[in-house]
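In what follows, a structure is listed as structure tokens, so that the remarks can point back to it.
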Amino acid sequence: MRLRSKILLLLLLVSAIPTIIAGGIGFISLISLGDQMASETSQALLNDAEIRLHELVHENGKLIGLATNQLDMAVRVQQVSALRAMTSDEVQLQNVVYAEDFDDESTAPPNLITLQMFDYVREDGSAVACPVSYDTQAIIQPANIDAKIASRQSQQLLSMDKTYLALSMAPGVPAMRYFTATVSGISGTYPGHGGIPEEYDVLSRKWFKFGAQSAGHVLHVPPSVDASTRRIVVAAVAPIIDADGKLLGVTGAERSVVDVLHSIQIPTEWRSKAIIQVVIPQNGKLRAIASQNMKDGGLAWNETPDVEWITNDSPEFDTLVSSVSALKSGCIDLYSDGIDTMVAYAPIEGMEAALVIWVPHDVIAAEAIQEYELVQKNTLEHASIIGSVAVVIIFIVILLALIISKMVSKPIVELTNATAAITEGNFNVSVENCGNDEIGELTRNFNTMVPHLKERLELQESLVVAKQIQQCLLPKANPDFSGWEITGKCIYCDATGGDYYDFILPPDDSNHLRLVLGDVTGHGIASALMMATARSLLRGGVQCGDDPVQRLNDVNNSLVHDTPIGWFMTFFCLELQSDSSEVHWISAGHDPAIVVDVDGNVSELEGDDIPLGVNANWSFTGKGPTTIRQGSVIVMGTDGIWEARNSEGEMFDKPRLIEIIKNNRTKPVADICDTIIDRVLAFCGDAPRADDITMVVARRT
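Each residue of the sequence shown is one higher than the one before, counting from 1 in the numbering used here.
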């Protein structure tokens, strides 16, 4: 064999074949890495989803149960008021407004308002406004009743207007409608409205029949169709029984089924496939009495909504049914209709029912599937590149023999081996520099790249740990403080941020609570470090004594000496007293807290001091006391809320925030907080957020 042939063969063996082998190993390694990443990511997502789903269904089950209890309490109040009205000898004469009067502008009462929840929903899904009155009931009178009986009973029902008005204004009562009917067929509905069908007979309605069968207890009626809105509602009813045990009528309140379930917030990426239901276990099956995807509106007013029965032959389903029957909460995996599904369930207090959320595995693991497909695509591209390089090397070896082979094959083999080592997680590799040509430049760039890649991965892991640590610095739960309902939330725009809130109880004093809110300049790691420093000083300062003003002076002095010039922190501290409407506050350069009372009046808790960390000689001053009316809402927030911008550069601004607070002032503070955040994020849309969002919301109960 000629030397040239031997050299060619040697070069083929030394360069081309190792290149192909290394490429094959790299290809197999990438395939294996892709499978491993997909499997681990899927499992991590499923584990995280199980925790999130269980918390979600547990908390919402409690909230629905709480709303049910509040609805039951409202019906109890109506029951007492109705009994008093129907047994009283003295009836104050009032103007009777019948339901049909609302359908004619000439006879309709004044001060009508239009609310979306009372709109009449057609079969095609369109809505027609149905004005209502909170000044009076609408009386529904059958045609065949004695005029004197009808007149007296109508006046008796109208005497309940004050009770209905008080219940409709009470925070937390989820009813959309209140009603009472006598055994004679006279009924009143509040708020007053029209749209009642001519064939409507209150005595044949499901809620009246249920209430008439009760011995005095509040009963929950299965879903039915509201006669005026054509929406699916559930009602709580109770009988009106006099001292002799005689049934005088039935009273109750109803709420929308779908609205209750639509209020449950689940992760956006799950919404298209997730199913949210309220179920009752019966005979080894689950009966879905309410579902988020059920048709709402456009039904016949005397139609009974379809009942969905859920069955499955798997042992896991039997476990689900038995757990729901035993009023347990949990999360299981279930194979249903050919789909692996995660099912979270929790009992609803006050009802023999459970809240159940179904989410398919492929929806939860969508991120892992996308990553796997990306790895597959990159692997094929990598294999194509390796194949092309191998062909080129073989051709060059054949044409240029030993010299070119020594210049090309050696660094390529080393680079390939180093690449394969990196794919296996070994970052302690480098390639020997072989010259000043492109190959030499490639090896130098490669050797420079590997430490940077390792450093980047380590930095990314550190950021994850830093985020976890910072989240631990925020309160883990809302305080239970007598006379006040309190919540807080913080959303960072980066992995870490400079916003901070806290709930601080002074030592040996359970009658005072300090709500603390701070905003460090900027955001990111630097702000997070200053936030952590400020938190440590505040916890060690504000918590140490009875004089928060003096302690704040000490904290300010420490920050001035320990932080660089130009870095500062705005601060707001609101001090509450248990079972007291008086509050004190300190504002260190922070925006005023917003106060909205039960009537929608707006005021602010302002301060005159400068931010912390600016001037060591500044003496801070406390404000107050001032009196907060019962039912008033106090919102403390950072400028990441009102200075948030959308893609067009428009700011969210404070008037929009105040309007949201006013419109939601009767809701639980957690709902107010979530609504504000949802509105801000929806306003921003796809625009990147430039600042953290933090707020504390409190209500005087």
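Glycine is no exception: its CB is placed at the ideal position from the N, C-alpha and C atoms.
Any idea what DSSP makes of residue i, helix, strand or coil?
| i | result |
| --- | --- |
| Cys331 | strand |
| Glu59 | helix |
| Cys684 | helix |
| Gly498 | coil |
| Phe503 | strand |
| Asp244 | coil |
| Asp691 | coil |
| Gln550 | helix |
| Ala346 | strand |
| Pro411 | helix |
| Glu269 | helix |
| Thr423 | helix |
| Ser81 | helix |
| Val389 | helix |
| Ser106 | coil |
| Glu648 | coil |
| Asp480 | coil |
| Thr68 | helix |
| Asp508 | coil |
Just the C-alpha distance for residue i and residue j, rounded to the nearest angstrom, thanks.
| i | j | result |
| --- | --- | --- |
| Thr666 | Ala698 | 12 Å |
| Ala147 | Leu203 | 18 Å |
| Ala421 | Ile396 | 26 Å |
| Asp686 | Trp567 | 30 Å |
| Phe481 | Gln577 | 9 Å |
| Leu115 | Asp639 | 32 Å |
| Cys544 | Val555 | Reliability of the predicted coordinates at Cys544 is poor, the pLDDT of 46 falling under 50, and the value obtained from them is presented with this limitation in mind. Rounded to the nearest angstrom, the two C-alpha atoms are 12 Å apart. |
| Asp101 | Ile186 | 16 Å |
| Val542 | Lys662 | A caution first: Val542 carries a pLDDT of 47, below 50, which makes its placement in the model unreliable, though a value can still be read off. Their backbone Cα atoms lie some 32 Å apart in a straight line. |
| Ala288 | Gln277 | 6 Å |
| Ala290 | Asp119 | 21 Å |
| Arg689 | Asp653 | 14 Å |
| Val183 | Ile241 | 11 Å |
| Val233 | Asn69 | 16 Å |
| Arg551 | Val429 | 55 Å |
| Asn293 | Arg177 | 23 Å |
| Thr107 | Ser133 | 13 Å |
| Leu574 | Glu254 | 39 Å |
| Gly488 | Asp519 | 14 Å |
| Val77 | Lys162 | 12 Å |
| Arg656 | Arg679 | 10 Å |
| Pro415 | Thr443 | The sequence as given places Leu at residue 415; Pro does not occur at that position. Between Leu415 and Thr443, the C-alpha separation is close to 7 Å. |
Taking the beta strand (DSSP E) that residue i falls in, what are its first and last residues?
| i | result |
| --- | --- |
| Glu659 | First-last for Glu659: Lys654 to Asn663, but that is the alpha helix (DSSP H), not the beta strand (DSSP E). |
| Gly488 | Trp484 to Ile491 |
| Ser776 | The question about residue 776 has no answer, for the chain in this structure spans 1 to 701. |
| Val633 | Val633 to Gly637 |
| Trp309 | Glu308 to Ile310 |
Looking at the secondary structure, which residues open and close the alpha helix (DSSP H) in which residue i lies?
| i | result |
| --- | --- |
| Trp709 | Nothing in the structure corresponds to residue 709, since the chain is present only between 1 and 701. |
| Ile364 | His361 to Ile364 |
| Pro281 | Not the alpha helix (DSSP H): Pro281 falls in the beta strand (DSSP E), residues Ile275 to Gln282. |
| Asp519 | Note, Asp519: premise wrong, no alpha helix (DSSP H); beta strand (DSSP E) at His512 to Val520. |
| Glu316 | Pro315 to Ser325 |
Are residue i and residue j close, meaning C-beta to C-beta below 8 Å?
| i | j | result |
| --- | --- | --- |
| Val221 | Ala235 | yes |
| Thr694 | Tyr501 | yes |
| Gly192 | Thr136 | yes |
| Gly249 | Ala138 | no |
| Val258 | Val75 | no |
| Ile357 | Ala344 | yes |
| Ala85 | Gln141 | no |
| Gly607 | Ile586 | yes |
| Gly631 | Ile610 | no |
| Thr563 | Met531 | no |
| Gly498 | Asp692 | yes |
| Val218 | Ser159 | no |
| Leu56 | Ile364 | no |
| Ala346 | Ser325 | no |
| Ile280 | Ala274 | no |
| Val602 | Ile658 | yes |
| Val173 | Leu71 | yes |
| Leu320 | Leu299 | no |
| Glu424 | Ser29 | yes |
>> Threshold first: 3 residues or longer. Then list the beta strand (DSSP E) segments lying entirely within the stretch 115 to 183, N to C.
In response: 138 to 140 and 177 to 182
> Taking only runs of the beta strand (DSSP E) that begin and end inside the stretch 188 to 261, which ones reach a length of at least 3 residues, in chain order?
Replying inline: Runs of the beta strand (DSSP E) spanning 3 or more residues and lying entirely within the stretch 188 to 261 occur at 219 to 225, 232 to 241 and 247 to 256, in chain order.
> Taking only runs of the beta strand (DSSP E) that begin and end inside the stretch 528 to 602, which ones reach a length of at least 3 residues, in chain order?
Replying inline: 569 to 577, 582 to 588 and 593 to 596
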